[in-house]
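Residue numbers for the sequence shown follow full-length UniProt numbering, beginning at 1 and rising by one. For glycine and all other residues, C-beta sits at the position ideal for the given N, C-alpha and C. To start, the structure under review is shown below, and the notes come after it.
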Amino acid sequence: MVNRVPDVVIDQIRNSVDIVDVIGDYVQLKKQGRNYFGLCPFHGENTPSFSVSADKQIYHCFGCGAGGNAFSFLMELEGLSFTEAVRTVAEKADIPFEYEEQLPSSSTPKPSNKMIEAHDLLRKFYHHLLVNTKEGQEAYDYLIGRGFTREVIDEFEIGFALDSWEFVTKFLTKRGYEPEELEKAGILVKREGKDSYLDRFRNRIMFPLADLQGKTVAFSGRILGEGQPKYLNTPETSIFSKGKILYNFHRAKKHIRKNQEVILLEGYADVIAAHKAGCFNGVATMGTALTEEQAATIKRNVENVIICYDSDGAGIEAAYKAGQVLTKVGCTVKVAVMPSGYDPDDYVNQYGTEAFRGEVLEASLTLMAFKMRYLRRGKNLQNEAERIRYIDEVVKEISLLPRAVERDHYLRQISQEFSLSLDALKQETQQNNRFEKRKKDNDHVDRNTIARPAVIQSKLLPAYQNAERFLIAHMLKDRDVAFRVQDALQGNFNVEEHRAIVTYLYAFYEEGHEPELSLFMQKLEDPKLSRLASQLAMIDVDEEITEQVLNDYIQQVLIYPKWLTIKEKEQEKQAAERQKDYLKAASIAMEIIQLKKLLK
Numbered sequence: 001m002v003n004r005v006p007d008v009v010i011d012q013i014r015n016s017v018d019i020v021d022v023i024g025d026y027v028q029l030k031k032q033g034r035n036y037f038g039l040c041p042f043h044g045e046n047t048p049s050f051s052v053s054a055d056k057q058i059y060h061c062f063g064c065g066a067g068g069n070a071f072s073f074l075m076e077l078e079g080l081s082f083t084e085a086v087r088t089v090a091e092k093a094d095i096p097f098e099y100e101e102q103l104p105s106s107s108t109p110k111p112s113n114k115m116i117e118a119h120d121l122l123r124k125f126y127h128h129l130l131v132n133t134k135e136g137q138e139a140y141d142y143l144i145g146r147g148f149t150r151e152v153i154d155e156f157e158i159g160f161a162l163d164s165w166e167f168v169t170k171f172l173t174k175r176g177y178e179p180e181e182l183e184k185a186g187i188l189v190k191r192e193g194k195d196s197y198l199d200r201f202r203n204r205i206m207f208p209l210a211d212l213q214g215k216t217v218a219f220s221g222r223i224l225g226e227g228q229p230k231y232l233n234t235p236e237t238s239i240f241s242k243g244k245i246l247y248n249f250h251r252a253k254k255h256i257r258k259n260q261e262v263i264l265l266e267g268y269a270d271v272i273a274a275h276k277a278g279c280f281n282g283v284a285t286m287g288t289a290l291t292e293e294q295a296a297t298i299k300r301n302v303e304n305v306i307i308c309y310d311s312d313g314a315g316i317e318a319a320y321k322a323g324q325v326l327t328k329v330g331c332t333v334k335v336a337v338m339p340s341g342y343d344p345d346d347y348v349n350q351y352g353t354e355a356f357r358g359e360v361l362e363a364s365l366t367l368m369a370f371k372m373r374y375l376r377r378g379k380n381l382q383n384e385a386e387r388i389r390y391i392d393e394v395v396k397e398i399s400l401l402p403r404a405v406e407r408d409h410y411l412r413q414i415s416q417e418f419s420l421s422l423d424a425l426k427q428e429t430q431q432n433n434r435f436e437k438r439k440k441d442n443d444h445v446d447r448n449t450i451a452r453p454a455v456i457q458s459k460l461l462p463a464y465q466n467a468e469r470f471l472i473a474h475m476l477k478d479r480d481v482a483f484r485v486q487d488a489l490q491g492n493f494n495v496e497e498h499r500a501i502v503t504y505l506y507a508f509y510e511e512g513h514e515p516e517l518s519l520f521m522q523k524l525e526d527p528k529l530s531r532l533a534s535q536l537a538m539i540d541v542d543e544e545i546t547e548q549v550l551n552d553y554i555q556q557v558l559i560y561p562k563w564l565t566i567k568e569k570e571q572e573k574q575a576a577e578r579q580k581d582y583l584k585a586a587s588i589a590m591e592i593i594q595l596k597k598l599l600k
């Protein structure tokens with residue numbers, strides 16, 4: 001292995017990117033004042049408490065306490081090592097990075113890294129087979145016949161797996177990959193009862209599946225010709241979880257941010273069809289129902305979602321459920337209704353891209369309007385009982401809408417369609433609201449015992465603790481202030497974590513560094529200290545501190561131990577009085593008086 005990354009290289013990489021850009025790839029950030037705010041990616045929340053400072057190049061969550069610089073953000077969110085985080089930032093800044101993580105001589109690269117390397121190599125190999133070999137010609141012709149262009153095939157790096165039982169096995173093992181490791185990665189299958197392996201994918205058109213950062217972690221293979229299963233996917237592995245990944249998210253992310261909208265589709269072909277139609281902000285689930293984790297990923301990046309699923313019964317059911325999940329995490333949802341018998345891929349191929357954009361996506365229904373259609377299915381509204389059941393179901397859904405204007409709009413529709421009293425419908429929604437509130441309270445009768453993420457409570461702190469926090473906030477900004485405080489206090493902060501942070505800070509300044517919060521965070525190896533330092537650095541303090549204010553803070557810190565001593569003496573005095581040792585009690589009282597004089 002080559003040597004560790006030099007500090008000068010790390011500094012160059014850190015200073016070449018804006019932390020707002022790094023975090024902006026994962027979190028939808030909005031500027032408020034000098035800082036940017038978004039939903040914290042480290043804990044579930046509906047109100048943004050995650051703050052990013054472009055000036056200080058740090059982040060801090062006022063909800064869960066997470067904090068640090070660009071490197072620590074990637075390390076915590078992605079589980080990367082420091083070197084891997086530096087490499088990721090370097091790639092974003094287009095800075096050449098030739099350093100590898102330094103490992104002991106007995107160590108080998110992490111299995112996850114080897115798995116990703118194998119998938120990356122195989123992705124390129126499958127694509128080569130499709131576009132450059134006679135073995136892939138049939139698959140290539142099939143795709144062209146389905147409306148795929150060479151540009152689309154290259155963009156999505158679609159490939160082809162040969163009709164062979166062990167071509168990939170030999171291809172990868174010759175390059176140093178262990179068969180056991182390839183089986184764990186889902187690339188190979190072990191022969192039952194034998195110590196040998198087979199290729200998992202054979203005679204299939206291959207769609208590479210990437211994680212949220214664009215690393216290939218799995219494949220989905222569509223059979224060429226007849227046979228089952230039509231689609232064969234990589235099984236769940238340590239690097240691939242169907243419930244976490246969204247197909248095409250890494251490509252669509254910048255377009256999602258630009259359009260402030262995402263199109264949620266059902267399958268790979270639908271995403272590619274939307275792409276051909278000029279809708280580059282399309283993503284899809286991995287052949288399963290939308291999970292809360294996938295919905296949370298969407299919400300961190302954008303609020304507006306168009307669901308565009310197939311028009312068959314299964315597609316309509318899936319759209320209804322996806323709408324519920326997305327609403328739960330706080331998204332604003334619309335539903336694009338496909339004509340009967342069509343999915344997006346079929347529609348684009350038959351009617352063209354303009355029709356898909358104009359007549360499908362732009363004609364999207366609000367989620368409530370879609371629900372009203374959904375609840376009509378299978379009901380004969382000429383039948384009185386079914387009509388009343390439909391009205392009851394719709395009114396329940398309307399009562400859940402957060403905005404009074406929306407509730408009034410849809411209630412008026414129901415009132416006019418069925419000649420019902422608007423007042424009666426409003427009364428019904430109010431009853432539903434009261435019922436839902438009682439139900440929620442009953443469901444959470446033991447809500448104080450429910451596990452919740454750790455939250456930093458906003459509470460009044462003792463004067464000495466506030467003084468220490470404000471002193472450190474100023475010390476992080478001003479080297480001279482830091483050394484003036486050092487002369488006055490000699491590091492004698494009362495809070496242990498504060499003492500640790502200022503110790504690191506003094507060493508940081510003595511090494512010749514100027515105030516640079518992002519670099520200082522990098523020096524704090526303890527995550528707890530890093531979180532606290534980011535919290536203190538976010539305190540809004542004046543650019544300069546007056547001599548009077550500085551001395552007041554210092555005095556608050558210095559007198560606190562004396563107050564503790566006075567409290568101890570008062571307890572000793574009370575104990576002496578209980579024992580009727582009045583002489584000792586009087587002596588202690590004199591000591592207390594002298595200590596209080598010193599405080600003044």
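Can you tell which of the options has the C-alpha that lies nearest to the C-alpha of residue i?
i	options	result
Phe171	Asn203, Lys134, Ala118 and Gly287	Ala118
Gln490	Tyr506, Lys477 and Asp478	Tyr506
Thr149	Lys276, Val283 and Asn281	Lys276
Phe207	Leu188, Ile23, Val152 and Val8	Val152
Val325	Glu354, Met338, Gln294 and Tyr309	Gln294
Ala585	Leu595, Glu192, Glu570 and Asp195	Glu570
Val162	Lys230, Lys134 and Arg434	Just to set this straight, residue 162 is Leu in the shown sequence, not Val. Considering only alpha carbons, the answer is Lys134.
Pro344	Ala369, Phe370 and Asp312	Asp312
With DSSP run on the structure shown, which of helix, strand or coil describes residue i?
i	result
Ser399	helix
Ala488	helix
Val283	strand
Lys233	In the sequence as presented, Lys is not what sits at residue 233; that position holds Asn. In this structure, Asn233 counts as strand in the three-state DSSP scheme.
Thr297	helix
Arg434	helix
Ser530	helix
Leu264	strand
Met538	coil
Tyr582	helix
Val305	strand
Tyr320	helix
Ala277	coil
Gln416	helix
Ile158	coil
Asn448	For Asn448, the predicted structure reports a pLDDT of 39, less than 50, and the residue's modelled location is therefore unreliable. A value from the coordinates is still provided. It is helical.
Asn345	Asn is not the amino acid found at residue 345; the sequence shown has Asp there. DSSP places Asp345 in helix when its eight states are reduced to three.
Pro179	helix
Asn35	strand
So, residue i versus residue j, is the Cβ gap smaller than 8 Å?
i	j	result
Tyr126	Gly159	yes
Ile307	Ala289	no
Ala218	Leu209	yes
Asn35	Ser16	no
Val333	Ile298	no
residue 647	Tyr247	It is not possible to answer for residue 647, since the shown part of the chain is limited to 1 through 600.
Leu411	Leu400	no
Lys56	Ala537	yes
Val348	Glu292	no
Gly65	Arg531	yes
Ile398	Thr366	no
Leu224	Asn203	yes
Gln535	Gly67	yes
Ala463	Ile501	no
Leu121	Glu166	no
Ser587	Ile58	no
Decide if residue i is buried, meaning its Cβ has at least 16 other Cβ atoms within 10 Å, or exposed.
i	result
Glu525	exposed
Leu80	buried
His128	exposed
Ser220	buried
Tyr390	buried
Pro6	exposed
Tyr582	exposed
Thr47	exposed
Measuring from the CB of residue i, is there a heavy atom of the ligand FMN at a distance below 7 Å?
i	result
Val52	In terms of ligand content, the structure shown is empty, and the ligand FMN therefore cannot be addressed.
Exercise. For the region 561 to 576 against the region 545 to 553, are there 3 or more C-beta pairs whose distance is under 8 Å?
Worked result: no
Exercise. Using 8 Å as the threshold, is the region 21 to 36 in touch with the region 494 to 504, meaning 3 or more CB pairs across them?
Worked result: Touching, no, given that fewer than three Cβ pairs across the two stretches are closer than 8 Å.
Problem set entry | Three or more C-beta pairs below 8 Å linking the region 12 to 32 and the region 88 to 96 | yes
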